[in-house]
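Read the structure below first, then the notes.
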Amino acid sequence: MQAATDQAVSELRGAAQPLADADASWRVAYGEALEAYDQVVYIRAAVPPAVLNSDTILSNYHRAIEALLNLLAEPSPGEQQPVLTDAVLRYVQLARVKELSSRIRGQLYAAARAGRYDLDDQVTLTDLRAQQLAALGAFRVAATNDQVRLYDRTSVDPAFVAAMKLEEKSLPTGGARAEVLPAPQWWAASEQRQELLRQLEARVLDDAVTRADTVSGDRLRTTLLVVGGIVVVLGLAVLLALLIGRSIANSMQRLRGQALRIAQVELPDALDRLRSVQGGVPTIDVPPPVVRSSDEIGELAEAFVAVHRSAVSVAVEQAETRRTVNAMFVNLARRSQVLVERQLELLDDLEREEADPDQLENLFKLDHLAARMRRNDESLLVLAGTESTRRWNRPVGLGAVLLAASAEIEQYQRVRRESVADLYVVGHAVGELVHLLAELLENATAFSRPDTVVRVGARAEGGGAVVEIVDQGLGMSPAALEQANIVLASPPPPTWPPRSGWVCSWSATSPPGTASGYASAAAPRACSPGSSCPPRCWPPRLRRSWTRRSHPGC
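Residue 458 in numbering that gives the first Met the number 0 sits at position 459 of the sequence shown; the count goes up by one each step and never skips.
Next up, the structure:
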């Protein structure tokens with residue numbers, strides 16, 4: 000019995016640990032129950048040797064039982080479960096009825112064993128019966144209808160009735176003294192009544208446990224529903240986050256693709272079209288954004304398209320500006336060319352009519368300055384992207400082209416022609432080739448000492464010709480020469496509209512101060528040495544320059 004009691008108290012301590020933070024009244028009742036049990040444990044050793052009297056021992060046990068019932072009566076489940084609290088309270092009231100019945104049984108049995116009642120026995124019994132009736136009344140008030148009917152059926156049981164009748168004999172009636180009950184008979188009858196009360200107590204306790212299990216099940220179901228709802232909500236949130244993240248990722252990928260396409264394809268193509276335009280500026284269409292949404296990504300896509308549209312607008316404006324500037328260059332160059340040509344025609348007339356050699360020499364100098372002015376006008380046309388107005392319909396000899404180019408520079412006296420192959424240049428390329436060679440010769444004379452000569456030669460090579468211009472200037476360092484060759488091999492995109500111009504290639508193997516190169520016009524081709532190209536196909540200025548400088552006696 001002691002081991003079972005100790006085990007029950009140990010289980011009570013373990014069950015009470017989660018309620019350590021309960022309200023103050025529960026903690027007080029729990030402390031009183033433990034204190035009362037500790038007192039019972041303390042007096043256990045004094046029971047066998049009968050050191051203490053029976054009243055002291057019983058009072059300690061009664062005190063422990065009462066403390067446990069008071070603890071059980073505390074609303075530990077909380078105010079949120081009044082049904083469960085009422086079920087436990089009904090059990091507590093019935094347990095008090097049974098406990099008080101047991102104490103009355105003990106008092107009557109002690110008097111029966113003694114054969115008499117002491118002075119305070121009747122007082123104690125009266126008080127116990129009054130407490131029993133109060134506890135029974137409280138139970139009947141708190142009990143359910145089924146529990147009340149169950150108690151009524153128990154109270155009419157023959158064994159219960161026999162014990163009640165036997166107990167009534169111990170009550171004093173009128174002036175007569177209370178009857179002392181026979182000990183064996185009372186103990187047997189009261190034992191049966193206690194068993195009936197114990198069975199009734201077990202039924203009420205089972206009802207309380209059933210209600211507790213129901214509440215626990217309801218709470219478990221509620222908890223599972225809440226947890227399930229949370230899991231479902233979290234799952235939906237994760238799914239929604241994945242869908243939104245995938246949508247954002249797809250939008251960002253499309254936006255990245257459009258941005259790269261704009262930066263690497265569409266915008267460079269638009270700029271190339273605007274650079275290569277010959278007539279009016281074309282209309283550049285800007286594609287719409289690939290992401291059409293009202294969120295931040297859609298706004299970013301609109302911003303990319305706006306930037307693209309702004310860049311195209313700026314490029315169109317620049318193309319319009321270049322077109323206007325080109326038109327201004329062409330207009331000025333054409334007007335200046337007209338004046339220079341008229342000046343050259345007038346000089347031709349004066350040269351033909353002049354017989355004084357000194358005066359004729361001055362006219363030649365003036366003629367040379369006018370030719371240089373015409374080359375400047377052609378340079379303006381090159382910058383404007385317009386072809387030269389000088390055109391020849393028939394091939395012209397390469398030697399004559401070199402002579403005409405040297406005649407258009409300031410220091411033409413320093414130019415020495417060496418061996419020139421008997422080649423001819425197609426007529427439509429003569430003007431531009433003369434201009435190119437004149438620029439190269441001008442550069443050679445300007446960057447070499449005045450007391451040196453510039454040698455010019457030409458030879459056939461493959462299907463074309465190689466023109467070599469050699470000067471005695473300072474030259475270029477190997478690093479500068481290598482950089483120049485790199486630029487010439489991969490020239491940067493033209494700032495001005497491309498035209499039928501010239502391509503120059505400097506040889507990295509030439510000695511310092513010596514430059515050799517290929518000079519060509521638009522699709523130049525050479526005449527074979529055996530072809531017939533009579534001098535009458537040369538233009539008058541070219542023919543006159545050749546006769547006056549190569550054959551002064553003509």
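We treat Cβ as the ideally placed atom computed from N, Cα and C, and that holds for glycine.
Notebook entry, point to check: Is ALA437 closer than 8 Å to ILE408 when the C-beta atoms are compared?
Noted result: yes
Next item on the list: Count the other CB atoms, across all protein chains shown, that sit within 10 Å of the CB of SER90; report buried if there are 16 or more and exposed otherwise.
Entry: The displayed chain sequence assigns Tyr, not Ser, to residue 90. With a 10 Å radius around the Cβ and a threshold of 16 neighbouring Cβ atoms, TYR90 comes out buried.
Next item on the list: Starting from the Cα of GLU460, find the closest Cα among ASP347, ASP450, ARG210, VAL419 and give me that residue.
Entry: Considering only alpha carbons, the answer is VAL419.
Next item on the list: Measure the C-alpha to C-alpha separation of ALA177 and TYR116 and round it to an integer number of angstroms.
Entry: 8 Å
Next item on the list: Can you have a look at THR84 and say buried or exposed, based on whether 16 or more other CB atoms are within 10 angstroms of its CB?
Entry: Classification for THR84: buried.
Check: In angstroms, rounded to a whole number, what distance separates the CA positions of LEU33 and MET0?
Finding: 18 Å
Note to self: Quick check: the Cα distance between VAL414 and LEU273, rounded to an integer number of angstroms?
What the structure shows: 42 Å
Item checked: Under the three-state DSSP convention, the category VAL466 falls into -> VAL466: strand per DSSP, three-state reduction.
Checklist line | Bridge partner(s) assigned by DSSP for ALA237 | finding: For the sequence presented, residue 237 should be read as Val rather than Ala. Paired residues: none, contrary to the question.
Check: Counting pairs of Cβ atoms below 8 Å between the stretch 303 to 313 and the stretch 283 to 291, do you hit three or more?
Finding: yes
Notebook entry, point to check: Just reading off the alpha helix (DSSP H) that VAL453 is part of, what are its end residues?
Noted result: VAL453 -> not in any alpha helix (DSSP H); beta strand (DSSP E) instead, spanning 453 to 460.
Notebook entry, point to check: What did DSSP end up calling GLU438 once you bin it into helix, strand or coil?
Noted result: helix
Check: Contact between the stretch 200 to 220 and the stretch 107 to 114: three or more CB pairs below 8 Å?
Finding: no
Item checked: Continuous alpha helix (DSSP H) assignments of at least 4 residues falling wholly in the stretch 369 to 429 -> 397 to 405
Check: What does a CB cutoff of less than 7 Å around VAL339 pick up in its chain, not counting 5 residues either side in sequence?
Finding: ALA369, MET372, ARG373, ASP376
Notebook entry, point to check: Which residues in the same chain have their Cβ closer than 6 Å to the Cβ of ALA162, if we skip the five residues on either side of it in sequence?
Noted result: Closer than 6 Å at Cβ, skipping near neighbours: ALA188, SER189, ARG192.
Note to self: Ignoring anything shorter than 4 residues, give me the alpha helix (DSSP H) runs that lie fully in the stretch 255 to 338, in order along the chain.
What the structure shows: Complete alpha helix (DSSP H) runs here, min 4: 266 to 274.
Margin query: I'd like the span of the alpha helix (DSSP H) that includes ALA21, first residue to last.
Written below: Careful: ALA21 lies outside any alpha helix (DSSP H) and carries neither H nor E.
Checklist line | Contacting residues, own chain, Cβ-Cβ under 7 Å from GLY456 (five flanking each side not counted) | finding: GLU417, SER418, VAL419, GLU467
Check: Candidates GLU344, SER447, LEU380: which alpha carbon is nearest GLY474's?
Finding: SER447
Next item on the list: Would you kindly work out how many angstroms separate the C-alpha atoms of LEU149 and LEU199, rounded to a whole number?
Entry: 8 Å
Note to self: For ASN144 and ARG202, what's the separation of their Cα atoms in angstroms?
What the structure shows: 14 Å
Note to self: Suppose you measure from the CA of SER169 to the CA of ALA15; what does that come to, to the nearest Å?
What the structure shows: Looking at the two C-alpha atoms, the distance is approximately 43 Å.
Item checked: Inter-residue spacing [alpha-carbon to alpha-carbon] between VAL381 and GLU352 -> 35 Å
Checklist line | Separation of TYR411 from PRO449, as counted between CA atoms | finding: 11 Å
Item checked: Per-residue burial, PRO394 [other beta carbons within 10 Å of its own, 16 or more giving buried] -> By the neighbour-count rule (16 or more Cβ atoms within 10 Å), PRO394 is buried.
Notebook entry, point to check: PRO356 to LEU346, Cα distance in whole Å?
Noted result: 15 Å
Checklist line | Alpha-carbon to alpha-carbon, ALA141 and PRO81 | finding: 12 Å
Check: With DSSP run on the structure shown, which of helix, strand or coil describes GLY221?
Finding: It should be pointed out that residue 221 corresponds to Thr in this sequence rather than to Gly. Reduced to three states, the DSSP call for THR221 is helix.
Next item on the list: Give the secondary structure of LEU204 by DSSP, where H, G and I count as helix, E and B as strand, and everything else as coil.
Entry: helix
Check: How is LEU149 classed by DSSP in three states: helix, strand or coil?
Finding: In the structure shown, LEU149 sits in a helix (DSSP, three-state: H, G or I).
Check: Using 8 Å as the Cβ pair cut-off and three pairs as the minimum, do the stretch 119 to 129 and the stretch 101 to 111 touch?
Finding: Verdict: yes, contact present.
Check: TYR36 to TRP186, Cα distance in whole Å?
Finding: 27 Å
Next item on the list: Could you tell me if TYR423 is buried or exposed, where buried requires 16 or more neighbouring beta carbons within 10 angstroms of its beta carbon?
Entry: buried
Next item on the list: Along the alpha helix (DSSP H) that carries THR4, what are the first and last residues, could you check?
Entry: For THR4, the enclosing alpha helix (DSSP H) begins and ends at 1 to 15.
Check: According to the Cβ coordinates, are ILE64 and GLU98 closer than 8 Å?
Finding: yes
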